[in-house]
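For reference, the structure is listed below as structure tokens.
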Amino acid sequence: MRSRQLWAASLGLIAFLALAGFALDHAFQNTAENGMRERLHSYALAYAGSDFARDGSVIPPWVAPDPRFLRPGSGLYAQIVLRASRWESDSAQGPRLPPGPLLEPGTRQFDGPLPMTRINGEQGMVYRYGYGLAWISSGSGQEIPYTVYVLEDASALTDQVATFRAALWGYLGGAGAVLLLLQTVVLGWSLRPLRDVIDELKRVQAGSAAGMSEAHPRELEPLTESINAFIQSERENLERQRNTMADLAHSLKTPLAVLRARLDAGGDEAELRQEVDTQVRRMNDLVSYQLARAARTGHALYAAPIEIEPYAEQIVVGLEKVYAARGVLCEFEIAPEARFHGELGDLQELLGNLLENAFKWARARVLLTVTEVAPSAGRRPGLRIVVEDDGPGIAEEKIARVLQRGVRGDERVQGHGIGLSIVQDILRAYRGELRVGRSEERGGARFEALLPGGA
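Each residue of the sequence shown is one higher than the one before, starting from -6 at the first, in the working numbering.
Pasting the structure below:
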């Protein structure tokens, strides 16, 4: 990822510097040409003030606008073109300049570079500026057109542009190298937290660290928290499997010992068969219980959200039939956006045990309320499931005892006393909690299952 980002950023930087260089080069060349045109125009205006003799010959200014006009082959030339004659400055003596046409009065023309032959015979190029004018003959009174041309060797402009280009690309190249180096340093610095995460993950894989630390930028916290949650979940799964196997082995030890003793003691075959049948059924019940317990406490870390109302409806319909003789009914207040993020079996166990407990103690009404819990930044919403009844309720001093496995609130009421313990096991697996109190609206018991939001 670092290499891809570095290559992409480097190519973008190089492309930008190249485009900027070409744009600046083109702008400078246009500026230089415009400067030459304005300079040649000022020279043309100086020669536009030339006088003419009666025979039409040109009388140039006494003082040349630039000393180079007086030096042959200097690179700066002046021409005055008439219909039948032509005048050239001293600098044009020797070089062969491109001939210029007679322009209409008021016409201005800038062109080039045009081919020419220098005084030493070498081929060269010139820029030419033409200015069309007219003068009135004092003898005939006629308007006689003429054109002033000023030419300058293109090598001056070429050298100027070449010097600018060398400096431009030198500076841009140096700036590009510095920016690339700075970009590499900044990219390495900005990706350092990711490298730290990778290093920590390698230490976790090697067993030298128990989990990801909390010393990471805020943007990476959801990632490290998810990794820690996954690690913790896997450890809990492994621990649960070990506990389940240990519990199962311990539970089976007594029936197996009874069978061994019965076989060693001998006796009637019918009694032995009956004892074997009894112990086998007991072991089958133990295995079924332990497997069901393992299935209840496990859950998928990343599960699809489950809509709650359809499954609550199925459970309540069955419970209302069971307790139809007492006329117990259940009302729903379920938020449409509320979702359970976990296994369907866990949701059914959670709702089933809470609702069955409420139906068992309610006089006539049970209320199921499900709402979302506001999430923290970057996390999904939590879930609050509240079941209330209008029964006798639970005294505050008895709450801790009722939540113990195998304890019933009233021994006269049928049950095994493990429903609320199963609810606590499920909530514990989801990092949730169970709160028990008295319902202010119904007057009976109030059970609140709170599930925190996830990453």
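A virtual CB, placed ideally from N, CA and C, is assigned to each residue, including glycine.
In this chain, the alpha helix (DSSP H) harbouring E193 covers R185 to A199. For L63, the number of other beta carbons within 10 angstroms of its own is below 16, and it is reported as exposed. By the Cβ criterion, the region 105 to 114 is in contact with the region 84 to 96, since at least three pairs of Cβ atoms, one from each stretch, lie closer than 8 Å. According to the DSSP assignment, Q116 belongs to the beta strand (DSSP E) that extends over Q116 to I129. Per the DSSP secondary-structure output, T362 pairs in a beta bridge with E326 and V379. DSSP places E300 inside the beta strand (DSSP E), whose first and last residues are P298 to E300. Fewer than three Cβ pairs drawn from the region 193 to 207 and the region 15 to 22 lie within less than 8 Å of each other, which leaves the two stretches out of contact. Under the three-state reduction of DSSP, M205 is assigned to coil, being neither helix nor strand. The continuous stretches of beta strand (DSSP E) do not include Q341, which lies in the alpha helix (DSSP H) extending over residues L337 to W354. Taking the Cα of H334 as reference, the smallest distance to any Cα among G66, G375 and S183 is reached at G375. Distance from the Cα of G384 is smallest, within the candidate group P368, W354 and A393, for W354. Rounded to whole angstroms, G204 and D270 show a C-alpha spacing of 49 Å. In the three-state scheme derived from DSSP, where H, G and I count as helix and E and B as strand, A71 is classed as strand.
Straight-line measurement puts the Cα of P368 at about 39 Å from the Cα of G320.
With 16 or more neighbouring CB atoms inside 10 Å of its own CB, N350 falls in the buried class. G446 and R372 do touch by the CB rule: their CB atoms are close to 4 Å apart, below 8 Å.
Judged by DSSP in its simplified three-state form, E434 adopts coil rather than helix or strand.
With respect to the 8 Å criterion, A37 and V119 are not classified as neighbours on the basis of their beta carbons. In the DSSP assignment, D418 falls within the unbroken alpha helix (DSSP H) covering G412 to A422. When only Cα atoms are considered, P60 and R32 end up about 14 Å apart. Residue pairing for Y316: DSSP places it in no beta bridge.
Under the three-state reduction of DSSP output, T100 falls in the coil class, being neither helix nor strand. DSSP places W55 in the coil class of the three-state scheme, outside both helix and strand.
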